[in-house]
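Data block below; observations after.
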Amino acid sequence: MGMIKIPQEAIENFEKNYPQIFESGNLAEGKWNTSLSAFFKDYTNAAHAMAFSSNGSGLLAILMLLKKYRSFKKVFIQSNTMYGVKTIAISSGLDFVGFVPCSLPSLMPTAVQVREFLDSLETTSDCVFLATHIGGIVNPEIQKISEICKERGVALVEDCAHSLGSTLNGKHTGLFGVAGVYS
Ligand SMILES: Cc1ncc(COP(=O)(O)O)c(C=O)c1O
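Taking our numbering, the leading residue of the sequence shown gets 4, the next gets one more, and so forth.
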């Protein structure tokens, strides 16, 4: 099994700074979260960025906001993703309406598979598609999928748990739909 090696420089930076974070008494908000958000806003070229405690909590917040403030009612995901993503989708309170199949070459849905799934639904303009980029690879059809979602009124949310730093034609994952969450 592969191991994740943390660079020595990162370990030293953490050791140097973590006492300040604990002593501040401000663990959930404050200057460290603000600087992390600002760093990733610039790094990805996103319009806005906000730090969360986990990818799952960020995704859940986005789905709940879409339900409460944008009147979305349904959510679907892709068949190949992390198990917990379905739990996140259901926990949002949106109605879970199924899985888009994935293609073998990319292990992610193609634009045709997304279109066919949408064709099987009675209405699409109240749907959120929570799509995952798998294993650091950007879904090669994400631009087309994003356009289909726009045409059909579907809110595309990108689960970028595996894809921080991955780009397609210079554009970072997380920027193709209404929002994205990195790990
Ligand atoms: C594809 C995918 N989405 C979401 C998550 C959830 O991330 P977190 O554990 O940070 O909530 C994971 C975690 O492994 C994941 O692999």
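Don't be surprised by glycine CBs; every beta carbon is placed ideally from N, CA and C. Predicted, not measured: the structure shown is a model, and the values here were computed from it.
Contact check, residue i vs residue j, beta carbons under 8 Å
| i | j | result |
| --- | --- | --- |
| T127 | V157 | yes |
| K77 | C130 | yes |
| H175 | N48 | yes |
Whole-angstrom distance between residue j and residue i, CA atom to CA atom
| i | j | result |
| --- | --- | --- |
| L62 | K71 | 14 Å |
| A164 | E26 | 30 Å |
| S60 | G177 | 16 Å |
| V100 | L133 | 12 Å |
| M67 | S149 | 21 Å |
| M6 | G138 | 15 Å |
| A31 | T37 | 10 Å |
| G87 | K19 | 34 Å |
Neighbour-count burial assignment, residue i, 16 or more Cβ in a 10 Å radius
| i | result |
| --- | --- |
| L107 | exposed |
| M111 | buried |
| L39 | exposed |
| H51 | exposed |
| V115 | exposed |
| Y185 | buried |
Span of the beta strand (DSSP E) around residue i
| i | result |
| --- | --- |
| G183 | A182 to Y185 |
| L159 | A158 to C163 |
Residue range of the unbroken alpha helix (DSSP H) whose run includes residue i
| i | result |
| --- | --- |
| S94 | Y86 to S94 |
Checklist entry - Where are the beta strand (DSSP E) runs, 3 residues long or more, that stay fully inside the segment 101-173, in chain order? => result 130-135 and 158-163
Checklist entry - Quick one: complete alpha helix (DSSP H) runs, 4+ long, within the segment 22-80? => result As far as the segment 22-80 is concerned, its whole alpha helix (DSSP H) runs of at least 4 residues are 34-47 and 58-73.
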